[in-house]
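Enquirer: Residue numbers (the UniProt record's numbering): 1 to 594.
Glycine included, C-beta positions come from ideal geometry on N, C-alpha and C.
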């Protein structure tokens, strides 16, 4: 299987070119260079550096942990929270073995967030769409090429498993659009729950408000205010993440929001920073002192250690919920200039309370490698817009239903983990009848190189349409698998034909925030056969149905899988899962994907 997969990766390069030149040398003052003539201006869609094989093993298990000083039954990789760093260079091939050692009847599947999986959809790690889960006691090998670079994360895509801690950092090293001295690596920022996430989902179904986190953690550290004398779960030994800066040093940091609910407004007291990438797209550097990070979004920043030390050598690292700054404690870490001084920083007046929840604009997120958006080929009438909302369940037309679930397309998305979309294609490749309506399929049957535009609306009055949908106040981080989306427009209010799309090198990324009571207009080229989720990355929302799947050039998927030797492996895993689920697992029936 391994040899076949590697061969398939080589054959799947398609129109890309392996480059082997010798002029640009990566160094502290030439971070724009990479190796063998490849630099920041080399287009990852056409250029792949020569790479090597990198191998990792991850074991997912249930463990008792206390990252914020409060014990929780968690789900983690290799016994640590967050999971271990997986890193490679641009152009390398990653081979990662996942061992399922869970003792709570859970299957698992791992998604490599932001990795486009060009012509390798079966490696995307989405149960019910690209694979069946791996049952307890079994292992799965993922293998794919790092054709993009930057900072990201990997996480379980099995239900709410990642909300219980099943995630870790993923870094693909490559050139940078500005120089730096020291790489501090990923800063993994997350909201954190003490109760098991699966036990909390009922709040999403029965109320308009998702469960509120108990604390914030940065790189697995946080502080929850509790009393060990009165609460046996309280260990009372939580501590904040801290880092020591050397004056004059330029530090590169990869910010990642791995949370389940909150879009975070991030800043470091006393410091500005330079943003050099969003998600896996390198951008022209811009300077700021604050930035919003939606769930699943990433920013690589450079912070120069040049703070004014007149009033102290310690400075708070801050993150608050963008729409409700007082919801959680904002101090998530400390920057120190004197490692021996363990005192808390001076707390200044409240900051960035009215900053809002918007992504940086198109004048800031300017990709280094310019690209133009082509003319759309799909219909884009108001009836084709994707309309975010809650609707009654099981009767969608009942506005007074006790249970409500999220919808992005025609209704809440359901996926049968025993019959993933790629498996359905084996029955009759490309036949739309193989996909039940509640699997929310959108068929993208256009020629390679053509463009699809999508409008997502988050601004309807309540109730609207038939069936009626309720629109609670929320920003929605919209994540697309298999592609970067080109952000044509984001705005407040209703979308209408007067909105002018940005077609000339617009921002590109794999997670874009749909504003509160606003709209998001995106585009992508048809160039990657697969079954790709488009979903809100608020874990509670996607677990309540907030997804659709884009079935792109489906007639090409099975031949690619056959060529890679992946078809037999998928069928065997699905047979294992079906037998396990129907004969050993305590639950029954279809399951909702996240």
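1. Under 8 Å: do the segment 221-234 and the segment 278-286 share three or more Cβ pairs, one atom per stretch?
2. Beta carbon of residue 128, beta carbon of residue 415: below 9 Å?
3. Can you check whether the CB of residue 133 is closer than 9 Å to the CB of residue 93?
4. Would residue 489 and residue 502 be called neighbours here (beta carbons separated by less than 9 Å)?
5. Reducing DSSP to helix, strand and coil, say where residue 299 ends up.
6. With residue 239 and residue 223 assumed to form a contact (beta carbons below 8 Å), what rounded beta-carbon distance in angstroms separates them?
7. Cα separation between residue 476 and residue 552?
8. Hey, residue 516 and residue 323: beta-carbon distance below 9 Å or not?
9. Looking only at C-alpha atoms, which of 32, 442, 53 sits nearest to residue 180?
10. Taking the straight line between their C-alpha atoms, what separation do you get for residue 571 and residue 50?
11. Have a look at 389, 419, 424 and flag the residue whose alpha-carbon is nearest the alpha-carbon of residue 409.
12. Consult DSSP for residue 462 and reduce its assignment to one of helix, strand or coil.
13. Rounded to whole angstroms, what's the CA-CA distance from residue 131 to residue 174? Just pull it up for me.
14. Give me, in chain order, the residues of the same chain whose beta-carbon lies closer than 6 Å to that of residue 190; leave out the 5 immediate sequence neighbours on both sides.
15. Classify residue 206: buried if its beta carbon has 16 or more other beta carbons within 10 angstroms, exposed otherwise.
16. Express the C-alpha separation of residue 156 and residue 448 in angstroms, rounding to a whole number.
17. Compare the C-alpha of residue 95 against each of 70, 139, 325, 269 and name the closest.
18. So residue 439 and residue 549 are in contact, right, with Cβ under 8 Å, and what is the actual spacing, rounded?
19. Where does residue 21 fall in DSSP's three states?
20. Quick check on this structure: which residue in 293, 299, 346, 326 has the alpha carbon closest to the alpha carbon of residue 313?
21. Got a sec, what are the start and stop residues for the alpha helix (DSSP H) residue 447 sits in?
22. Can you list, in chain order, the residues of its chain with a C-beta nearer than 6 Å to that of residue 508? Leave out the 5 residues immediately preceding and following it.
23. If you run the structure through DSSP and keep just helix, strand and coil, what is residue 424?
24. Rounded to whole angstroms, what is the Cα-Cα separation between residue 462 and residue 292?
25. CB residue 168 to CB residue 80, shorter than 9 Å?
26. Distance, Cα to Cα, residue 172 vs residue 300?
27. Just how far apart, CA to CA, sit residue 65 and residue 194?
28. Check residue 6 in the structure and name its three-state DSSP category.
29. As an exercise, report each continuous beta strand (DSSP E) stretch of at least 3 residues that is fully enclosed by the segment 247-318, in chain order.
30. Return the Cβ separation of residue 417 and residue 403 in integer angstroms, given the expectation that the two are a contact with Cβ distance under 8 Å.
31. Residue 298 and residue 348: beta carbons closer than 9 Å?
32. List the residues that DSSP assigns as beta-bridge partners of residue 514.
Expert: In brief:
1. no
2. The residue labelled residue 128 in the question sits at position 128 within the chain shown. The residue labelled residue 415 in the question sits at position 415 within the chain shown. Their beta carbons are under 9 Å apart, which means residue 128 touches residue 415 by this criterion.
3. If you number the chain shown from 1, residue 93 lands on position 93. If you number the chain shown from 1, residue 133 lands on position 133. Not closer than 9 Å, so no.
4. As a working mapping, residue 489 is identified with position 489 in the chain shown. As a working mapping, residue 502 is identified with position 502 in the chain shown. Yes, the Cβ-Cβ distance between residue 489 and residue 502 is below 9 Å.
5. For this step, residue 299 is matched to residue 299 along the chain shown. Correct three-state label for residue 299: strand.
6. Working through the chain shown from its first residue, we reach residue 239 at position 239. Working through the chain shown from its first residue, we reach residue 223 at position 223. Contact holds; Cβ gap of about 7 Å.
7. Taking the chain shown and counting its residues from 1, one reaches residue 476 at position 476. Taking the chain shown and counting its residues from 1, one reaches residue 552 at position 552. Straight-line Cα distance between these residues: approximately 24 Å.
8. Translated into positions along the chain shown, residue 516 becomes position 516. Translated into positions along the chain shown, residue 323 becomes position 323. For residue 516 and residue 323, yes; Cβs fall inside 9 Å.
9. Here residue 180 corresponds to residue number 180 of the chain shown, with the count starting at 1. Closest option to residue 180, Cα to Cα, is 32.
10. To locate residue 571, count along the chain shown from 1; it is residue 571. To locate residue 50, count along the chain shown from 1; it is residue 50. So the two alpha carbons sit approximately 33 Å from each other.
11. On the chain shown, residue 409 is found 409 positions in, with the first residue counted as 1. The candidate whose alpha carbon is nearest that of residue 409 is 389.
12. Working through the chain shown from its first residue, we reach residue 462 at position 462. Confidence is the limiting factor: at residue 462 the pLDDT is only 48, short of 50, which leaves the residue's position unreliable, though a coordinate-based value still follows. Three-state result, residue 462: coil.
13. Here residue 131 corresponds to residue number 131 of the chain shown, with the count starting at 1. Here residue 174 corresponds to residue number 174 of the chain shown, with the count starting at 1. Straight-line Cα distance between these residues: approximately 30 Å.
14. Counting from one through the chain shown, the residue named residue 190 turns up at place 190. The answer, listed in chain order, is 217, 258, 259.
15. Numbered from its first residue, the chain shown carries residue 206 at position 206. Answer is exposed; the Cβ neighbour count stays below 16.
16. Working through the chain shown from its first residue, we reach residue 448 at position 448. Working through the chain shown from its first residue, we reach residue 156 at position 156. Approximately 31 Å, taken between the alpha carbons.
17. One-based indexing of the chain shown puts residue 95 at position 95. For the residues 70, 139, 325, 269, the minimum Cα distance to residue 95 belongs to 139.
18. In the chain shown, counting from the first residue as 1, residue 439 sits at position 439. In the chain shown, counting from the first residue as 1, residue 549 sits at position 549. The Cβ separation is near 7 Å, so the contact holds.
19. Taking the chain shown and counting its residues from 1, the one referred to as residue 21 is at position 21. Any reading at residue 21 must be qualified, since the residue scores a pLDDT of 41, below 50, and its modelled position is unreliable; no value is offered.
20. Position 313 of the chain shown, counted from the first residue, corresponds to residue 313. With distances taken between Cα atoms, residue 313 lies closest to 346.
21. Position 447 of the chain shown, counting from 1, holds the residue named residue 447. Where residue 447 is concerned, there is no enclosing alpha helix (DSSP H), given that its DSSP letter is neither H nor E.
22. The count along the chain shown starts at 1 and reaches residue 508 at position 508. Cβ neighbours of residue 508 beyond the five flanking positions: 281, 367, 484, 486.
23. Residue mapping note: residue 424 aligns to position 424 of the chain shown, counting from 1. Helix.
24. Sequence index remark: in the chain shown, residue 462 carries index 462 (1-based). Sequence index remark: in the chain shown, residue 292 carries index 292 (1-based). Confidence at residue 462 is low in this model, with a pLDDT of 48, below 50, so the placement of that residue is unreliable and no value is reported for it.
25. Here residue 168 refers to the residue found at position 168 of the chain shown. Here residue 80 refers to the residue found at position 80 of the chain shown. Cβ distance < 9 Å, so residue 168 and residue 80 count as in contact.
26. Translated into positions along the chain shown, residue 172 becomes position 172. Translated into positions along the chain shown, residue 300 becomes position 300. Going by the C-alpha atoms only, they are around 12 Å apart.
27. Indexing the chain shown from 1 puts residue 65 at position 65. Indexing the chain shown from 1 puts residue 194 at position 194. Residue 65 and residue 194: Cα-Cα distance of roughly 10 Å.
28. Stepping through the chain shown from its first residue, residue 6 is reached at position 6. The pLDDT assigned to residue 6 is 42, lower than 50, so where the model puts this residue is not dependable; a value taken from the coordinates is nonetheless given after this. Looking at residue 6 - three-state DSSP - the assignment turns out to be helix.
29. 250-257, 264-268, 273-278, 281-288, 291-293, 298-304
30. Position 417 of the chain shown, counted from the first residue, corresponds to residue 417. Position 403 of the chain shown, counted from the first residue, corresponds to residue 403. At roughly 21 Å, the Cβ-Cβ gap does not stay under 8 Å, so residue 417 and residue 403 are not in contact.
31. Here residue 298 is taken as the residue at index 298 of the chain shown, counted from 1. Here residue 348 is taken as the residue at index 348 of the chain shown, counted from 1. No, Cβ-Cβ distance for residue 298 and residue 348 is not below 9 Å.
32. For the purposes of this step, residue 514 is identified with residue 514 of the chain shown, where counting begins at 1. For residue 514, which the question treats as bridged, DSSP gives the partners 476.
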